[in-house]
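**Q** Okay, handing you the structure first.
Number of protein chains: 2
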Amino acid sequence: MKFILRHKLSILYGISLAVLLLVLKWLEIKFIIYDHSLEIYIGAIALLFTGLGIWLAIKLTKPKVQVVEKEIYIQQNGDFVFNEKAFEKTGMSKRELEVLELMAKGLSNQQIADSLFVSLNTIKTHCSGIFFKLDVKRRTEAVEAARRMGLIP
Amino acid sequence: MKFILRHKLSILYGISLAVLLLVLKWLEIKFIIYDHSLEIYIGAIALLFTGLGIWLAIKLTKPKVQVVEKEIYIQQNGDFVFNEKAFEKTGMSKRELEVLELMAKGLSNQQIADSLFVSLNTIKTHCSGIFFKLDVKRRTEAVEAARRMGLIP
DNA sequence: TGCAATTTCACCCGAAAGTATGAGTGGAAA
DNA sequence: TTTCCACTCATACTTTCGGGTGAAATTGCA
Chain W
57 MKFILRHKLS
67 ILYGISLAVL
77 LLVLKWLEIK
87 FIIYDHSLEI
97 YIGAIALLFT
107 GLGIWLAIKL
117 TKPKVQVVEK
127 EIYIQQNGDF
137 VFNEKAFEKT
147 GMSKRELEVL
157 ELMAKGLSNQ
167 QIADSLFVSL
177 NTIKTHCSGI
187 FFKLDVKRRT
197 EAVEAARRMG
207 LIP
Chain L
57 MKFILRHKLS
67 ILYGISLAVL
77 LLVLKWLEIK
87 FIIYDHSLEI
97 YIGAIALLFT
107 GLGIWLAIKL
117 TKPKVQVVEK
127 EIYIQQNGDF
137 VFNEKAFEKT
147 GMSKRELEVL
157 ELMAKGLSNQ
167 QIADSLFVSL
177 NTIKTHCSGI
187 FFKLDVKRRT
197 EAVEAARRMG
207 LIP
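Residue numbers (the working numbering), protein chains in the order written: chain W, 57 to 209; chain L, 57 to 209.
Shown next, in the form of structure tokens:
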């Protein structure tokens, strides 16, 4: 069933061609026309006008535009205060905090590297430092911990 | 000039018909076919396949997708309230939400699997579903998006 | 100027995450 | 009863992450 739905148009077109051939066969019997050049000629006409129809439809019909509304959720929490004390307690450097913030936004190490114009290896090093200082193992854990400590909103 | 531009399509179609007639005439001379039913038959074929072409084109042309971004503001006042509407809009299942919550706590896929007493592969499948429905690529991104939408605290 | 901390980068390797595809099961709806 | 969907699990593969280690370059401060 899936196959039929997926190839609906191909199948329909195939059927159309089959019908055309049948019509031609019928004509052959009807008029006892054995000159095959007529069949070829009719086929050419059919193709030509199919093309014409497609061209006409494309030119005449207004371009179909499907408007998709994408909702963007924006959180406005002005009540975030950076916990300076907690930050100092971790012993994190400024650069590490920068990386942590980008990490919390969901960026990959490569994206963070590109944002800060440094190499991927550098970001990895910073990550290791962050994980060590926050006493965590994974980036998601780090983000969770940092949020609880008030280092990021 | 204006007239030509305005009636471009009509003119072209007229020309097409004229060409068809000429072709028919040429055939009449060429094959000395005096049976007018053939002309009628060819005309019918032409019309039929023009229609087929139009129908095909209409069916085949994909609507251009235009994404309109709609901003939704959420005010966060201290304590967390679950955004039911946003949740329904994502189309996520209950199970996926469960996985998302554990994910946001910083658990690894294996830990989530152990918590929910299912296999690691199952969690991976759920993760893929979550990422698709939240339109993100990574777990950290998913957590960020879910938090903004008010799905998790 | 010299030292310490920070920042930068590199390489290797294993673990974890994520993709793609297919499939089986049970419950609810049509 | 059939169909649909959520949930489950699997295999195979690619990409990203993170650990370990070492080492330049830079910066800030004594």
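Glycine included, C-beta positions come from ideal geometry on N, C-alpha and C.
Helix, strand or coil: how does DSSP classify I130/W here?
**A** Residue state, collapsed to three classes: strand.
**Q** When you compare only the Cα positions, how much space is there between Q122/L and T146/L?
**A** Near 20 Å, if we compare the C-alpha coordinates of T146/L and Q122/L.
**Q** Whose CA, out of K141/L, L172/L, D191/L, lies closest to the CA of E154/L?
**A** Out of K141/L, L172/L, D191/L, L172/L has the C-alpha closest to the C-alpha of E154/L.
**Q** On the criterion of 16 or more Cβ atoms from any shown chain inside 10 Å, does R204/W qualify as buried, or is it exposed?
**A** So R204/W counts as exposed.
**Q** Ends of the alpha helix (DSSP H) at D135/W?
**A** Note, D135/W: premise wrong, no alpha helix (DSSP H); not H, not E.
**Q** Helix, strand or coil for K120/L per DSSP?
**A** It is a strand residue.
**Q** List the residues of chain W that M159/L touches, going by C-beta distances under 9 Å, in chain order.
**A** T196, listed in chain order.
**Q** To the nearest angstrom, how far is it from the Cα of R195/L to the Cα of K189/L?
**A** Those two C-alpha atoms are separated by around 12 Å.
**Q** As a quick exercise: from A142/W, I179/W, I208/W, R151/W, pick the residue whose alpha carbon is nearest that of S164/W.
**A** Minimum Cα distance to S164/W is reached at I179/W.
**Q** Using beta carbons (cut-off 7 Å, strictly below), is Q122/W in contact with chain L?
**A** It does; some Cβ of chain L falls within 7 Å.
**Q** Below 6 Å, is the gap between the Cβ of N165/W and the nearest heavy atom of the ligand PLP?
**A** With respect to the ligand PLP, the structure offers nothing, as it holds no ligand at all.
**Q** Check whether the Cβ atoms of I208/W and A160/W sit closer than 7 Å, and answer yes or no.
**A** Yes, they are a contact pair.
**Q** Is A100/L closer than 7 Å to I101/W when the C-beta atoms are compared?
**A** No, the pair does not count as a contact, with Cβ atoms beyond the cut-off.
**Q** Applying the 10 Å Cβ sphere with the 16-neighbour rule, what's the burial state of F105/L?
**A** Counting Cβ neighbours within 10 Å, F105/L comes out buried, since at least 16 surround it.
**Q** So what does DSSP say about I88/L, is it helix, strand or coil?
**A** Confidence at I88/L is low in this model, with a pLDDT of 49, below 50, so its placement is unreliable and the value that follows should be read with caution. Coil, per DSSP.
**Q** May I have the straight-line CA-CA distance separating A202/L from I114/L, to the nearest angstrom?
**A** Straight-line Cα distance between these residues: approximately 40 Å.
**Q** According to the neighbour-count rule (16 or more other Cβ atoms, all chains shown, within 10 Å of its Cβ), is E144/W buried or exposed?
**A** E144/W comes out exposed.
**Q** Skipping 5 residues on each side, what residues in its chain have a beta carbon closer than 7 Å to that of A142/L?
**A** Counting only Cβ-Cβ distances below 7 Å, and skipping sequence neighbours, we find M205, G206, L207.
**Q** Less than 7 Å between CB atoms is the rule here; does F188/W satisfy it with respect to chain L?
**A** F188/W does not count as touching chain L.
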